[in-house]
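J.: So that we are looking at the same thing, I have put the structure below in structure tokens.
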Amino acid sequence: MNATQSATAHDVVIGLEVHVQLATQSKLFCSCATRFGAPPNTLTCPLCIGMPGTLPVMNRHAFELALQTAVSLDCQIAPFTKWDRKNYYYPDLPKGYQISQYDLPFSHDGHLDTYDPKGNLPVRRVGIIRVHLEEDAGKSMHDEAAGKSDSLIDLNRTGTPLLEIVTEPDMRSPAEAKAFLTELKLLLTYLGVSDCNMQEGSLRVDANINLHVPRNGETIATPIVEVKNMNSFRAVERALEYEAGRQWEEWQATGQKMGDVPKQTRGWDDAANLTRPQRHKEESSDYRYFPDPDLVPVVVSPEEIEVITKSLGELPAALRSRLESEYGLSAYDSDVLVNQGRSLASYFVQVAEACGNGKLASNWIQQDILRLLKERQETIDDFPVSAAALADLLRKVDQGELDTSKGRDVLGGMIDSGQPAEDVMLELGIAAVDESELTALCEQLLVENERIVADVQAGKVQAIGALIGQAKKRNPNVNPGRVREICLQLISKRA
Amino acid sequence: MSLSREAVTKVALLARLELTPEELDSITSQLGQIVDYVQQLSSVDTEGVEPMAHAMEQHNVFRADEVRPSLPREEALANAPRHNDEYYRVPAVLGD
Amino acid sequence: MQLTETSAVDLVEGLQAGRWTAVEVARSFLERISGKDPEIGAFLQVHADAALEQAERIDARRATGKSVGKLAGLPLSLKDVLCTRSQPTTCGSRMLENFQPPFDATSVAKLRDADAVFLGKVNMDEFAMGSSCENSAFQATRNPWNLECIPGGSSGGSAACVAAGMAPISIGSDTGGSVRQPAALCGVTGLKPTYGRISRYGLVAFASSLDQIGPVGTSVRDVALLLEVLAGHDPLDSTSIDAPVPPYSQTVEQPLKNLTLGIAKEHFESGLDGDVESAVREALRVYESLGATIKEVSLPHAPHAVGTYYIIACCECSSNLARYDGVHYGHRTDVSQMLAEGGNSNDDLTPLERMYCRSRAEGFGPEVKRRIMLGTYALSAGYYDAYYLQALKVRRLIRQDFDKAFEEVDLLVGPVMPTAAYKLGEKVEDPLSMYLSDLFTVSANLTGQPAISVPCGFTSGGLPIGLHLQAPPMEEERLLRGAWMFQNATDWHQRRPQ
């Protein structure tokens, strides 16, 4: 982003802390709904309000979703896990402590590989230090009416199940951080464990970033800065680009190394395109964690992990490479399809299997089906043309019975009528032209157009276009591509 | 090992308790006595002993992911020292 | 016989048999409260109208042959630590003076379902922290046997109101002896069941891993009946035990055969008052006369029980009581006045943080503050391992001591308290010596095992003495039967003050 940075060799070192709200119906420790956007303080109960006498009981589904996520991140699942209290005072934390996990998180030591279909970024294996389950806090906002002298507290979000995913500092550029987040979001979407909506706060990212500067054969680490308040993946990338540049300038100006100054927290200001230091909460590090006596530990058996592993289905990375190896798709195409989600990818697989041409299926799905879904504002699950019906149509295209443009017309008819390709073709008067009939027509044309034949034989292959035009006049149903192929074949036989 | 006034002041801040100077004095000396007494635990050999955080050691207690009605907002806010019928109100939380 | 001197079991039987009505019973106790409580100070709230209405409804249902609950018409009082829907639940604290929970504790709901009649809520040490009831923010409660003496605590209101005949039963809570100790000092019977036997949902927490609800009554039969109603698994409490509830009230009067009682030599070693020791030794002779064998066992870690207990209890309470910050409920300081005063010693604090510190300072009394401070200190960075973690390990060693002892004996028996009740104000300035007097009771909370206090005599000054019996976890039936054997052979529990 600036000349000095690119001119001098140093590593940008990034680790991420991602919070993901789990897609449960009810909260982690009580039966209030987790719905987003309800009027303030309408989704709370005595437990959410932290009233004395209330006790938490763990939501089984939340724990299952957490396990699924950890297993799919190749984490080790702890055979014994417990719940700890993290004590601090904040008005959106009614109990005065957050129920979280401290020294025995339910999972640890996993990884996720980044992916760049364009191949511009290296594949980076990002270590996952731990994934743990905790409860979300409520929300506080300034009371504008009171001239910001007051804050208003809404506890609807209190107790929503939250996964904290902490990575190793393995990313070496803001772009890699973004690629990691994109891949993580794709994985979580495939698992269905979260809707990952950053606008609604169901996915939140904080980043730790510093520089590793080589000097005299040693590597010097600069102070780590935690960056918060990034509301999109693009914002993460921009904030980290800014911060990497800022840290480089600071390093050159101060020469401060890690440990010289306390860890700083900075907030990203998207409009101003810069990070600003955030106020330090005093004594913030003394959370006085201890095991929550109101909750009992969880023991997970290898058999349970086995069941979870089997239930996961094919995950994005595996699916992408299968699409490439089994259906001959390019990295780019497989990535586009996989990114559309599990349903569409599986639609593709069914079409490709049934029509026998993966590349053709991929082209049609990317060019036509995705456009139609967008126009019709529906998902593949509601799309009126089944995978088998589309495969049927594509087989005809593949065998030359239909050209692309006619195929599109037929697809349109199939959507409107719900009929199979065969019936729509009849209705539209598109009859398949018999191969022998077509060969006879081509032979006739060659006899009638000796001059064109000579031109082609002399190397002017484009002259064949005139023959195609004549063929279409005589029979509008002929496939121009096929006419071209047959004519060229016949001409080469003559020679 | 008795406690210093400074240490007790720090603990009071962590515990969010405003103490008068007199309270600070008496708590410092009382806490010091109690801490000296509980210090005896360090003499117990606990090598290899698993900590026992619960009186009855159970595990895997869950509830089903089912939604039940929440409190009507009026009832939720009924005990709040200050509210505006929609939100709890507190002195400003410092800027995020 | 006066209704107010009738046991709970007999009251329920009389109600069923139509010998008296629920209204008559409720009225007798309400009259007794009006006459007696001004000098005792057990009740924080008396719900006379509601109790009579409830009693009328029960009588009407019974008169028309409709089904009624197991305790139909039995009046009782609740320690003000149990949440009662839309009624003040103060925990003896300024902090919760105006707090009205929008829900009932599970135990309260069970009693309601059983058609018990609620007379009112009784005094306690603030947030159940204390052994004398002097830590209540509202009033002192006096011992019905000697009005200059403390009734014990923290369930002092419960024990005093039962001893004074103002309620046949009271429901208390026991975190380190808070049911058993006041029961002993007031000459009544108090049970702490196995941890998790009775749901803690709606019990305002002091120390979550130690708290347990328990009934106080005039006899073992009475507390057995109440345990039967209160016990059972509750899906709202993760630590509640999912096990069948034996029919305690039906088995309590079956003596135990070949009973072996254990006495811990550590319990007779030092500081035991002479009258207390002789009363306990006399109780052992009663048991021997009933065919029991007495065996000496060793609890080598017993001297560490108080230290272990106070660390764990205070650590948990420092966190449990963090919720009282004046934001969502409870006391909040006058913020405008606070701001008008300008700076204080903590100038770097925001107004919100100052509001926390001041609200808590105003809302909590000295004992609660001390314990919050001790727990905060013991959990803070650098001290966790030495205090809290070490205490959890010693806790297991204490549990192992008891496991070993219970391999040899059926029940452990000993004193509840090293002394009888002391004078009001005597130990207010000496918290440590007050803590040390809990040495016999705290172990049962650390280990989870059930324990009971039954009257076993009087000091030369005429103050009651309690006998402590403990059983292995889940063995309340054995405990109650063993305790009943003693009451069946003695009349200490039938003595009434004055």
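Residue numbers (my numbering), protein chains in the order written: chain A, 67 to 561; chain B, 1318 to 1413; chain C, 648 to 1145. In this text, a Cβ means the ideal position worked out from N, Cα and C, and glycines have one as well. Keep in mind the model is a prediction, meaning the values are calculated, not measured.
#1: Between C/ALA852 and chain A, is any beta-carbon pair separated by less than 8 Å?
#2: Buried or exposed: where does C/TYR956 fall if 16 or more other Cβ atoms within 10 Å of its Cβ makes it buried?
#3: On the DSSP bridge list, what partners appear for B/TYR1405?
#4: What three-state label does DSSP hand A/ALA287 in the structure shown?
#5: In whole angstroms, give me the CA-to-CA distance for B/ALA1397 and C/ALA960.
#6: Verify the CB distance criterion: does C/ASP972 have a CB-CB separation below 8 Å to chain A?
#7: If you drop the 5 nearest sequence neighbours on each side, which residues of the same chain put their C-beta closer than 6 Å to that of A/CYS111?
#8: Please confirm whether B/SER1288 has its beta-carbon closer than 8 Å to some beta-carbon of chain C.
#9: Would you call the CB atoms of A/VAL232 and A/LEU247 closer than 8 Å?
#10: C/ALA960 CB to nearest chain A CB: under 8 Å?
#11: Name, please, each residue of chain A whose Cβ falls closer than 8 Å to the Cβ of B/PRO1408.
#12: Please report the straight-line C-alpha distance between A/GLN71 and A/GLY311, rounded to a whole angstrom.
#13: Please classify C/VAL640: is it buried, with 16 or more other beta-carbons within 10 angstroms of its beta-carbon, or exposed?
#14: What whole-angstrom Cβ distance do A/THR341 and A/VAL293 have, given they're in contact under 8 Å?
#15: Less than 8 Å between CB atoms is the rule here; does C/GLU1009 satisfy it with respect to chain A?
#16: Along the chain, where does the alpha helix (DSSP H) that runs through A/GLY81 open and close?
#17: Short check: CB of A/LEU229 to CB of A/LEU88, under 8 Å?
#18: Kindly indicate which residue of C/ARG679, C/PHE765, C/GLY665, C/GLU678 has the alpha-carbon position closest to the one of C/ALA697.
#19: DSSP three-state label for C/ALA878, please.
#20: For a minimum of 4 consecutive residues, which ranges assigned as the alpha helix (DSSP H) are wholly contained in the region 822-879 of chain C?
#21: Measure from the alpha carbon of A/GLY424 to the alpha carbon of each residue in A/VAL463, A/GLY176, A/GLU493, then state which is nearest.
#22: Roughly how many angstroms separate the alpha carbons of A/SER239 and A/TYR398, rounded to a whole number?
#23: Find out if the Cβ-Cβ distance for the pair C/THR865, C/SER654 is shorter than 8 Å.
#24: Which residues in the same chain have their Cβ closer than 7 Å to the Cβ of C/GLU935, if we skip the five residues on either side of it in sequence?
#25: Kindly indicate if chain B contains any beta-carbon less than 8 Å away from that of C/SER936.
#26: Is A/LYS214 helix, strand or coil when you go by DSSP?
#27: So C/ARG847 contacts chain A; which residues on that side make the cut at Cβ distance below 9 Å?
#28: Per DSSP, which one or two residues make a beta bridge with A/TRP334?
#29: Given a limit of 7 Å on CB to CB distance, which residues of the region 155-175 of chain A reach chain C?
#30: Bridge partners for C/ARG1018 per DSSP, in chain order?
#31: Can you find at least 3 beta carbon pairs, one from the region 844-853 of chain C and one from the region 751-766 of chain C, that sit closer than 8 Å?
#32: Quick check on DSSP: helix, strand or coil for C/ALA787?
#33: Along chain F, which residues have their Cβ under 9 Å away from the Cβ of A/ASN153?
#34: Please return the same chain residues whose Cβ sits closer than 8 Å to the Cβ of A/VAL189, not counting the five positions on each side in sequence.
#35: C/ASP920 to A/LEU361, Cα distance in whole Å?
#36: My guess is that A/TYR413 and A/ILE446 are in contact by the Cβ rule of under 8 Å, so how many angstroms apart are they, rounded?
T.: The structure says:
#1: Position 205 of the third sequence, counted from the start, is the residue given in the question as residue 852 of chain C. For C/ALA852, the nearest CB of chain A lies under 8 Å from its own CB, placing it at the interface with that chain.
#2: For this step, residue 956 of chain C is matched to residue 309 along the third sequence. With 16 or more other Cβ atoms within 10 Å, it is buried.
#3: Counting from one through the second sequence, the residue named residue 1405 of chain B turns up at place 88. B/TYR1405 is bridged to A/ILE219, B/HIS1400.
#4: Numbered from its first residue, the first sequence carries residue 287 of chain A at position 221. Three-state result, A/ALA287: strand.
#5: Residue numbering aside, residue 1397 of chain B sits at position 80 when the second sequence is read from its first letter. Residue numbering aside, residue 960 of chain C sits at position 313 when the third sequence is read from its first letter. Distance between the alpha carbons of B/ALA1397 and C/ALA960: 28 Å.
#6: As a working note, residue 972 of chain C is residue 325 in the third sequence. The beta carbon of C/ASP972 sits closer than 8 Å to some beta carbon of chain A.
#7: In the first sequence, counting from the first residue as 1, residue 111 of chain A sits at position 45. Exclusion of the five residues before and after A/CYS111 leaves CYS96, CYS98 as the residues of its chain whose Cβ lies within less than 6 Å of its Cβ.
#8: Residue 1288 of chain B falls outside the range modelled here, since chain B spans only 1318 to 1413, and no answer is possible.
#9: Mapped onto the first sequence, residue 232 of chain A falls at position 166. Mapped onto the first sequence, residue 247 of chain A falls at position 181. A/LEU247 sits away from A/VAL232, with the two beta carbons spaced by 8 Å or more.
#10: For the purposes of this step, residue 960 of chain C is identified with residue 313 of the third sequence, where counting begins at 1. Using a Cβ-Cβ cut-off of 8 Å, C/ALA960 does not count as an interface residue toward chain A, since no Cβ of chain A sits closer than that to its own.
#11: For the purposes of this step, residue 1408 of chain B is taken as the residue at position 91 of the second sequence. Those within 8 Å of B/PRO1408 in chain A are SER215, ASP216, SER217.
#12: Numbered from 1 along the first sequence, position 5 holds the residue referred to as residue 71 of chain A. Numbered from 1 along the first sequence, position 245 holds the residue referred to as residue 311 of chain A. Caution applies to A/GLN71, whose pLDDT of 44 falls short of 50 and renders its modelled position unreliable; the model cannot decide the point.
#13: Since the first residue of chain C shown is 648 and the last is 1145, residue 640 of chain C is not available in this structure.
#14: Here residue 341 of chain A refers to the residue found at position 275 when the first sequence is read from its first residue. Here residue 293 of chain A refers to the residue found at position 227 when the first sequence is read from its first residue. So it is a contact: roughly 6 Å between Cβ atoms.
#15: By one-based count along the third sequence, residue 1009 of chain C stands at place 362. False, the Cβ-Cβ gap to chain A never drops below 8 Å.
#16: Translated into the one-based positions of the first sequence, residue 81 of chain A becomes position 15. Where A/GLY81 is concerned, there is no enclosing alpha helix (DSSP H), although the beta strand (DSSP E) it sits in stretches over 77-87.
#17: Locating residue 229 of chain A in the first sequence gives position 163, where the first residue counts as 1. Locating residue 88 of chain A in the first sequence gives position 22, where the first residue counts as 1. In contact: A/LEU229 and A/LEU88 (Cβ atoms closer than 8 Å).
#18: To locate residue 697 of chain C, count along the third sequence from 1; it is residue 50. Taking the Cα of C/ALA697 as reference, the smallest distance to any Cα among C/ARG679, C/PHE765, C/GLY665, C/GLU678 is reached at C/PHE765.
#19: By 1-based counting over the third sequence, the position of residue 878 of chain C is 231. Correct three-state label for C/ALA878: strand.
#20: Listed in chain order, they are 827-833, 867-877.
#21: Here the question's residue 424 of chain A lines up with position 358 in the first sequence. Nearest of A/VAL463, A/GLY176, A/GLU493 to A/GLY424, Cα basis: A/VAL463.
#22: For the purposes of this step, residue 239 of chain A is taken as the residue at position 173 of the first sequence. For the purposes of this step, residue 398 of chain A is taken as the residue at position 332 of the first sequence. The straight-line gap from Cα to Cα measures roughly 22 Å.
#23: The residue you call residue 865 of chain C lines up with position 218 of the third sequence. The residue you call residue 654 of chain C lines up with position 7 of the third sequence. With contacts defined by Cβ atoms closer than 8 Å, C/THR865 and C/SER654 form a contacting pair.
#24: By one-based count along the third sequence, residue 935 of chain C stands at place 288. Only residues of its own chain outside the window of five on either side were considered, and among them ILE941 have a CB closer than 7 Å to the CB of C/GLU935, listed in chain order.
#25: Against the third sequence, residue 936 of chain C aligns to sequence position 289. Residue contact check for C/SER936 against chain B: no CB pair falls below 8 Å.
#26: Stepping through the first sequence from its first residue, residue 214 of chain A is reached at position 148. Here A/LYS214 sits in coil by DSSP.
#27: Against the third sequence, residue 847 of chain C aligns to sequence position 200. Under a criterion of Cβ atoms nearer than 9 Å, the residues of chain A adjacent to C/ARG847 are, in order, GLY119, LEU121, ASP360.
#28: Stepping through the first sequence from its first residue, residue 334 of chain A is reached at position 268. Answer is A/THR341.
#29: For the region 155-175 of chain A, which is checked against every Cβ of chain C, the residues closer than 7 Å are TYR155, PRO157, PRO160, LYS161, GLY162, TYR163.
#30: For the purposes of this step, residue 1018 of chain C is taken as the residue at position 371 of the third sequence. According to DSSP, which records beta bridges pairwise, C/ARG1018 is partnered with nothing at all.
#31: Result yes; three or more Cβ-Cβ pairs closer than 8 Å.
#32: Within the third sequence, numbered from 1, the residue matching residue 787 of chain C stands at position 140. C/ALA787: coil per DSSP, three-state reduction.
#33: The chain labelled as chain F is not found among the protein chains of the depicted structure, namely A, B and C.
#34: To locate residue 189 of chain A, count along the first sequence from 1; it is residue 123. Counting only Cβ-Cβ distances below 8 Å, and skipping sequence neighbours, we find ASP179, THR180, TYR181, ASP182.
#35: If you number the third sequence from 1, residue 920 of chain C lands on position 273. If you number the first sequence from 1, residue 361 of chain A lands on position 295. Pairing C/ASP920 with A/LEU361, the inter-Cα distance amounts to about 41 Å.
#36: Here the question's residue 413 of chain A lines up with position 347 in the first sequence. Here the question's residue 446 of chain A lines up with position 380 in the first sequence. By a beta-carbon distance limit of 8 Å, A/TYR413 contacts A/ILE446. Their separation comes to about 5 Å.
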